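Residue numbers (our numbering): -12 to 400.
Every residue, glycine too, gets a C-beta built ideally from N, C-alpha and C.
Predicted, not measured: the structure shown is a model, and the values here were computed from it.
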Amino acid sequence: MSTGTTDHPSRIVGTAWGLLILNTLGSAGAETIIPLPRSLIQMATMGALAAAFALALAVNLRLRIRASAYLLLLTLLLVPSLIASANMASGFGALFRCGRLALFIATLWLLSRWWDGSLTFVRHHIRMYFVVLGSVAAGALISPGAAMPELYGGRLVGALWPLTPPQIGQYAAVIIGLTVLLVLGRRTDRTSAVVVIVPSLVLLALTHTRTATLGLFIGLTLAIGSLVLTSAAARRFFVWAVVCAAVAAVGFASALRAWFLRGQSQENFTSLTGRAKVWDALLAAPRTTSEYLFGMGLGDKSFGGLPIDNSWLAVYNEQGMTGVVLVAGIIIVLGGVALLRPPSLSRACAIFLISYCAIASYTEAGLGDASPYLLHLAVAASLLAAPAAATPPLKPDVPRPRVPKWARRSEVI
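What follows is the structure in structure tokens.
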């Protein structure tokens, strides 16, 4: 495929997107069936990012990019990251993470050339994460004990690649929501949708991930609500969804409550599985003016050796209030643009992704560093981008007839 076309991303662009997804899978998680050294996994993920940048650059050698407020704010987020990381308070690893974030953002800038409001990146997103979920399902079939270990309370984890239950739940919820919207918009057939949705629902249920489940239902409600006035299929789906939810709430109330509690005590549930204690300690920790404004530098999203599990507090800890303002700007700008767009399937998909990320940000970290959440928002930005204006064909140069000097003099007179 020619690199000059801007109608649809080429296969190289799709491959680069898949490599970005591989980079954000992470290297920490459950023990796999075949033990994989963390250093080897990190080499694979960082190699995927370098390869994604190389492919994006190769397919966009002229460095043509699309104007994007989302990418501009992400680029500005590098400033507090670098200022804080330069102090070396978080060690040399902070500077390494800054370099990774810079390369990640640069790759998105290169790929922005193909952000034209179409659903192409949605399809790339679904395909790549479906492959990831396929590896999770394969691991569960090969070794159910390793896929649902007692260490995680019997919740589904990645047995072939180290993935945690929240990661799997996130990937499943996102592709379920996007596929449902594609069906409502008649952009995919029902057979293909069932192949994606049903296994993903099973995996989501096995992860017992509350945040992903709430994000899926609330995000879909908002997205379908944006289509209700213009789509009969959306109206029918909305009515059936409300009826099924009411029946499930009445008939399966005890089972749903047990699934949500995951065997936890009421106290543990109300403290968000101990997250609140980490949050209180982080907010109570003394900080200098520089640390308050620019944070401590990019780290592993933990405080006192415990995961922060909140995007806003993680950004506050690592990039300060400056980072919090920029990340809030990203959500506000994308959400505002989505609300101003006329009803369409692209707009609905963008609303789903934005709302899902906003909901998940309360109990998951990732909005301030290279992560799947930034890729979800990048897809939303690509959906909200205006279609590229067609370049009019150049007219062939036609030589003008030579005018004699005496004629030119007479024209002046």
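Item: Kindly indicate which residue of ALA367, TRP299, PHE339 has the alpha-carbon position closest to the one of TYR349.; Value: TRP299
Item: To the nearest angstrom, report how far apart ASP176 and VAL170 are at their CA atoms.; Value: 7 Å
Item: Roughly how many whole angstroms lie between the Cα atoms of ALA377 and GLY1?; Value: Because ALA377 carries a pLDDT of 47, less than 50, the predicted location of this residue cannot be relied on, and the following value inherits that uncertainty. Those two C-alpha atoms are separated by around 23 Å.
Item: Can you give me the C-alpha to C-alpha distance between LYS264 and LEU48, rounded to a whole angstrom?; Value: 49 Å
Item: Relative to the C-alpha of LEU82, which residue among ILE92, ILE70, SER277, ALA93 is closest?; Value: ILE70
Item: Tell me whether SER333 is buried or exposed, calling it buried when 16 or more other Cβ atoms sit within 10 Å of its Cβ.; Value: buried
Item: Can you grab the Cα-Cα spacing for the pair ALA335 / ASP356, in whole Å?; Value: 25 Å
Item: Taking only three categories from DSSP, how would you classify LEU293?; Value: strand
Item: Give the straight-line distance between the Cα atoms of PHE79 and PHE91, rounded to the nearest whole angstrom.; Value: 19 Å
Item: Could you check which residue in LEU371, ILE21, ALA347 has the C-alpha nearest to that of ALA199?; Value: ALA347
Item: Within this structure, are the beta carbons of SER68 and LEU88 separated by less than 9 Å?; Value: yes
Item: Can you list, in chain order, the residues of its chain whose CB lies under 8 Å from that of PHE339, leaving out five sequence neighbours each side?; Value: GLY164, LEU165, LEU168, GLY206, LEU207, LEU209, ALA210
Item: For GLY282 and GLY353, what's the separation of their Cα atoms in angstroms?; Value: 15 Å
Item: How many Å lie between TYR279 and ALA373 at the Cα?; Value: 37 Å
Item: Using only CA atoms, which one of THR178, THR94, GLY156, GLU351 lies nearest to HIS195?; Value: GLY156
Item: Do you know how far the Cα of LEU216 is from the Cα of ALA159?; Value: 28 Å
Item: By the three-class DSSP mapping on this structure, what secondary structure does ASN304 have?; Value: helix
Item: Rounded to a whole number of angstroms, what is the C-alpha to C-alpha distance between PRO22 and VAL311?; Value: 38 Å
Item: Can you tell which of TYR57, ALA31, PRO153, ALA345 has the C-alpha that lies nearest to the C-alpha of VAL320?; Value: TYR57
Item: Given a cut-off of 9 Å on the beta-carbon distance, is the pair ALA325 and PHE108 in contact?; Value: no
Item: Could you give the uninterrupted runs of the alpha helix (DSSP H) lying entirely in the stretch 71 to 135, keeping only those of 4 residues or more?; Value: 79 to 98, 107 to 129, 131 to 134
Item: Could you please give the first and the last residue of the uninterrupted alpha helix (DSSP H) stretch that includes ASP287?; Value: Looking at the DSSP string, ASP287 is not in any alpha helix (DSSP H), and its letter there is neither H nor E.
Item: Quick check on DSSP: helix, strand or coil for VAL144?; Value: coil
Item: Would you mind stating whether SER342 and GLY202 have Cβ atoms separated by less than 9 Å?; Value: yes
Item: Three or more beta-carbon pairs under 8 Å between the stretch 146 to 154 and the stretch 17 to 33, yes or no?; Value: yes
Item: Please classify SER29 as buried or exposed, where buried requires at least 16 other C-beta atoms within 10 Å of its C-beta.; Value: Note on residue identity: the sequence assigns Gln, not Ser, to residue 29. Exposed is the call here.
Item: Over the uninterrupted alpha helix (DSSP H) stretch that includes VAL237, give me the two end residues.; Value: 219 to 238
Item: What is the DSSP secondary structure of TYR343, counted as helix, strand or coil?; Value: helix
Item: Contact defined as beta carbons within less than 8 Å: I believe ARG100 pairs with ARG53. What is the distance between those atoms, to the nearest angstrom?; Value: 6 Å
Item: Determine the contact status of LEU44 and LEU97, defining contact as a CB-CB distance below 9 Å.; Value: yes
Item: Assign PRO330 to one of two classes, buried (16 or more other C-beta atoms within 10 Å of its C-beta) or exposed (fewer than that).; Value: exposed
Item: Buried or exposed: THR11, going by 16 or more other Cβ atoms within 10 Å of its Cβ?; Value: buried
Item: Smallest Cα separation from LEU27: which of ALA125, ARG328, THR178, GLY13?; Value: GLY13
Item: From VAL237 to ALA192, what does the alpha carbon distance come to, in whole angstroms?; Value: 19 Å
Item: Leaving out five residues on either side along the sequence, give the residues of the same chain with a beta carbon under 8 Å from the beta carbon of PRO136.; Value: ALA17, GLU18, VAL144
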